[in-house]
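Heads up: the structure comes next, in structure tokens.
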Amino acid sequence: MARRHGRQRLDTAATMTETNSASGLVAAALVLAIGGPVLAQDRVLAVTSWGGAYMASQREVYFKPFTAKTGIVVREAEYDGELPKIKAMVESGRVSWDIVDTTMSLAVRGCDQGLWEKLDYSRIGDRAGFVPGGALDCAVGSVIWSTVVAFDERRFPASGPQPQSIADFFDVVRFPGARALGKRPRVNLEMALMADGVPPGDVYRTLSVPEGVERAFRKLSTIKPFIKAWWDSGNRPTKLLADGEVVMTTVLNGRIAYAIGHEKRPFKIMWHGQVWDMDLWAIPKGARRLDLAYEFLRFASDPTVMAKQSQHVAYGPAHVEAIALVDPRVLPLLPNAPENFAHGLQTDARFWAARQDELAIQFANWLAR
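If you count by the numbering used here, then the sequence shown holds residues 2 to 370, one letter each, in order.
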């Protein structure tokens, strides 16, 4: 799976893999473990995430402060969303990971397959405090990210009309120029329907019937001749904009925020019609250090802690109270800033779990025509 963090998040920071960091972590564990090697092992928590700048942000916001507070050393590992690997661990009874950062889709599928522990929220925090869908039976929300439309302000300067809504992405008369889209049905179909006038709350109901799917493809067909690139890696959309190959593109919000904030690119995010999703923490079924895992989840679900991650990557905390604690200078770049959140659609992970294969075939056939 091509991911948005290492996958499609900000990849510019150094990563620390389990292999590279093993010697230092073992040494740290031994220092902390007054009782000797056995106790040292008991005070080490294996946390698996996506690498890149995203995991670097987790290290600064969660892992290091958690160790400082509890004495529990975090042993990091990276993965790329391989649910079969987790399934093999669970079925063999040899679960080496204690906490996994997972997408909503993986959280739902893993829960349905019995691969995650059912969570006891009395050991985590206020379940009602998370954003909608952020407190599942088997996973608890961490960050919110989204796919947005971004455009080049050199082509559409503030002195003239600028794209304001998802419908404008499809308006090649008023806003001429080449576009780029992700090479997948997910997000494209939702955005097409919203551009065609379907309210966000009705998008998945519309897609649940053949006529709705046909409507989405018809709308996509109106701009198909203007799609210069179908991107399948997270760094490509910003490069397409920077090189002047396209004037507008869909893009992961973290990527475009980095291009704007750190690379000083003349790009602008259009939040209307964003399709947002989230990452969550889950505990693999049969994890050996369950008590330590719950200590971590309680720490990582504290709104005051969650709010700090947005200083490192442009993803919003999945807790309602935490968003109010985010630095106001960073807030406008987050998907769930109040003014941005009002114009978006939450990805329906269950819909895509059921329809992904079918719609991927339809999309490939449509693309080939």
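All residues carry an ideal CB built from backbone N, CA and C; glycine is no exception.
Asked: Taking the alpha-carbon positions, what's the GLY37 to ASP292 distance?; Found: Note that GLY37 scores 38 on pLDDT, short of 50, meaning its location in the model is unreliable and no value can be drawn from it.
Asked: So TRP98 is in the alpha helix (DSSP H); what residue range does that whole segment cover?; Found: Here TRP98 belongs to no alpha helix (DSSP H), and DSSP marks it neither H nor E.
Asked: Within the same chain, show all residues whose beta-carbon is closer than 7 angstroms to that of VAL144, passing over the 5 residues directly before and after it, in chain order.; Found: MET279, ASP280, GLN310, TYR316, GLY317, PRO318 and ALA319
Asked: Pick helix, strand or coil for GLU48, following the three-state DSSP scheme.; Found: Note that residue 48 corresponds to Val in the displayed sequence, not to Glu. Strand.
Asked: Using a 10 Å radius around the Cβ and a threshold of 16 neighbouring Cβ atoms, would you call VAL48 buried or exposed?; Found: buried
Asked: Compute the Euclidean distance between the alpha carbons of HIS313 and ARG256, then round it to the nearest angstrom.; Found: 12 angstroms
Asked: With a threshold of 16 other CB atoms inside 10 Å of the CB of PRO164, please say whether the residue is buried or exposed.; Found: buried
Asked: Excluding five sequence neighbours on each side, which residues of the same chain lie with their C-beta closer than 6 angstroms to the C-beta of ILE261?; Found: PHE268
Asked: Apart from the five residues just before and just after PHE64, which ones in its own chain have a Cβ nearer than 8 angstroms to its Cβ?; Found: VAL48, VAL75 and GLU77
Asked: Please give me, in chain order, every unbroken run of the alpha helix (DSSP H) with length at least 4 that falls completely inside the segment 203-283.; Found: 204-208, 211-222, 237-243 and 254-262
Asked: Out of LEU190, PRO226, LYS225 and LEU221, state which residue places its alpha-carbon closest to the alpha-carbon of VAL210.; Found: LEU190
Asked: Within 10 angstroms of the Cβ of GLY161, are there 16 or more other Cβ atoms? Answer buried if so, exposed if not.; Found: exposed
Asked: By DSSP, does GLU77 sit in helix, in strand, or in coil?; Found: strand
Asked: Under three-state DSSP, which class holds MET192?; Found: helix
Asked: Cutting at 6 angstroms between CB atoms, please list the residues of its own chain near ALA23, excluding the five before and the five after it.; Found: With a pLDDT of 37 at ALA23, under the threshold of 50, the predicted position of this residue should be treated as unreliable, though the coordinate-derived value follows. None.
Asked: So, MET56 versus PRO285, is the Cβ gap smaller than 8 angstroms?; Found: no
Asked: I'd like to confirm the pairing. Which residues does DSSP put opposite PHE152 in its beta bridges?; Found: MET249 and LYS269
Asked: Apart from the five residues on each side of it in sequence, which residues of its chain come closer than 6 angstroms, Cβ to Cβ, to ASP99?; Found: LEU46, ALA47, ALA288, ARG290 and ALA294
Asked: Spell out a yes or no on whether the segment 191-200 and the segment 209-229 are touching, meaning 3 or more CB-CB pairs, one atom from each, closer than 8 angstroms.; Found: yes
Asked: For the segment 99-150, list the beta strand (DSSP E) runs that are entirely contained and at least 3 residues long, ordered along the chain.; Found: 100-104
Asked: For PRO238, count neighbouring C-beta atoms within 10 Å of its own C-beta (all shown protein chains included) and say buried if the count is 16 or more, exposed if not.; Found: buried
Asked: What's the C-alpha gap between MET249 and ALA338?; Found: 22 angstroms
Asked: Once you ignore the five residues that flank GLU296 on each side, which residues in its own chain have a CB closer than 7 angstroms to its CB?; Found: THR71 and ILE73
Asked: Distance check for VAL204 and TRP231, CA to CA, integer angstroms please.; Found: 23 angstroms
Asked: Taking the C-alpha atoms as reference points, what is the distance between VAL39 and THR103?; Found: Per-residue confidence for VAL39 stands at a pLDDT of 38, beneath the threshold of 50, marking its modelled position as unreliable; no derived number is given.
Asked: So GLY53 is in the alpha helix (DSSP H); what residue range does that whole segment cover?; Found: 53-59
Asked: With a 10 Å radius around its C-beta and 16 neighbouring C-beta atoms as the bar for buried, classify ASN341 as buried or exposed.; Found: buried
Asked: On a Cα-Cα basis, can you pick out the residue from GLY142, ALA181, ARG370 and PRO85 that is closest to LEU253?; Found: ALA181
Asked: Three or more C-beta pairs closer than 8 angstroms, one from the segment 78-88 and one from the segment 135-143: is that the case here?; Found: no
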